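Numbering (this note's numbering), first residue to last: 2 to 194. A short write-up of the structure that comes next.
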């Protein structure tokens, strides 16, 4: 996918990522999954956005031009994969919450030995583990081979559900924004809408 796809608002990219394919190529192996669910984090005024408290070493990639990976650790144990969006200097990103595995399911299962097959990529921590992502993948240019996105199939707007973002109750009025998007009624969602 070209850089221009990512250099748009997180609110637009979050919707347009549904149906796209996230690919991890490493050591001659290809793991991939269709994106089913996303959440938008849009700018410093968004109290749920990591950049709402300013620029730090951790959230630095959010301030870059769109098309880079922003990967961070939560709860001291789960990695979350985000796609940086927008123009340089305006911090925004889209969290990928769920995938439908397409290629490399056996390897995904080895990466997540305690996870049931149907749950391999349901939730941001699980999908990162299934793809074998590490903190070293943070700041990866998603417009190059290795860790990248492919076109996949466009999803009809009627099939896209909207809801509140998950786990951001601390964000006040920003917690009520309908910035979680997903493939309506798909069994691979992290949770129903």
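Using N, Cα and C, we set each Cβ at its ideal position, and we do this for glycine too. Since the structure is predicted, the reported quantities are computational estimates derived from the model, not experimental observations.
Span separating the alpha-carbon of residue 53 from that of residue 175: Within the model, the alpha-carbon separation for residue 53 versus residue 175 is close to 11 Å.
Assumed close pair residue 96, residue 25 - CB separation to whole angstroms, cut-off 8 Å: About 17 Å separates the two Cβ atoms, so there is no contact after all.
Paired residues, beta bridge with residue 149 - DSSP: Answer is 24, bridged to residue 149.
Residues near residue 22 by beta carbon distance below 8 Å, same chain, minus five either side: Its chain contains 33, 34, 35, 36, 103, 150, 151, 152 and 153 as the residues whose beta carbon lies nearer than 8 Å to that of residue 22, once the 5 sequence neighbours on both sides are disregarded; these appear in chain order.
Selected residue, minimal CA-CA separation from residue 110, among 93, 172 and 128: Ranking 93, 172 and 128 by Cα distance to residue 110 puts 128 first.
Contained beta strand (DSSP E) runs [length at least 3] in the segment 9-81, N- to C-terminal order: 22-27, 30-43 and 70-75, all fully within the segment 9-81.
Residue 184 - partner residues in DSSP beta bridges: Answer by DSSP bridge pairing, in chain order: 161.
Selected residue, minimal CA-CA separation from residue 115, among 99, 3, 136 and 130: Residue 130 is the option with its Cα nearest to residue 115.
Same chain, Cβ closer than 7 Å to residue 113, five either side skipped, listed in chain order: Beyond the five residues adjoining it in sequence on each side, residue 113 comes within less than 7 Å, by CB distance, of 121, 127, 130 and 131 in the same chain, given in chain order.
Close Cβ partners of residue 60 (< 6 Å) along its chain, the five nearest in sequence each way excluded: If we look at residue 60 and ignore the five residues flanking it on each side, its Cβ neighbours are 51 and 52.
Nonlocal neighbours in the same chain, by C-beta distance under 6 Å from residue 17, ignoring five residues either side: Cβ within range, chain order: n/a, list empty.
Inter-residue Cα distance where the pair is residue 62 and residue 139: When rounded, the distance between both Cα atoms is 8 Å.
Contacting residues, own chain, Cβ-Cβ under 8 Å from residue 118 (five flanking each side not counted): Only residues of its own chain outside the window of five on either side were considered, and among them 106 and 110 have a CB closer than 8 Å to the CB of residue 118, listed in chain order.
Burial state of residue 92, where buried means 16 or more other Cβ atoms lie within 10 Å: Buried is the call here.
Burial state of residue 186, where buried means 16 or more other Cβ atoms lie within 10 Å: Residue 186 is classed as exposed because its beta carbon has fewer than 16 other beta carbons within 10 Å across all chains shown.
CA nearest to the CA of residue 77, picked from 98, 66 and 136: Of 98, 66 and 136, the residue nearest in Cα terms is 136.
Residues that residue 101 bridges to, as DSSP identifies them: DSSP, once it has assigned bridges, lists 35 as partnering residue 101.
First and last residue of the uninterrupted alpha helix (DSSP H) at residue 131: The continuous alpha helix (DSSP H) containing residue 131 extends over residues 125-131.
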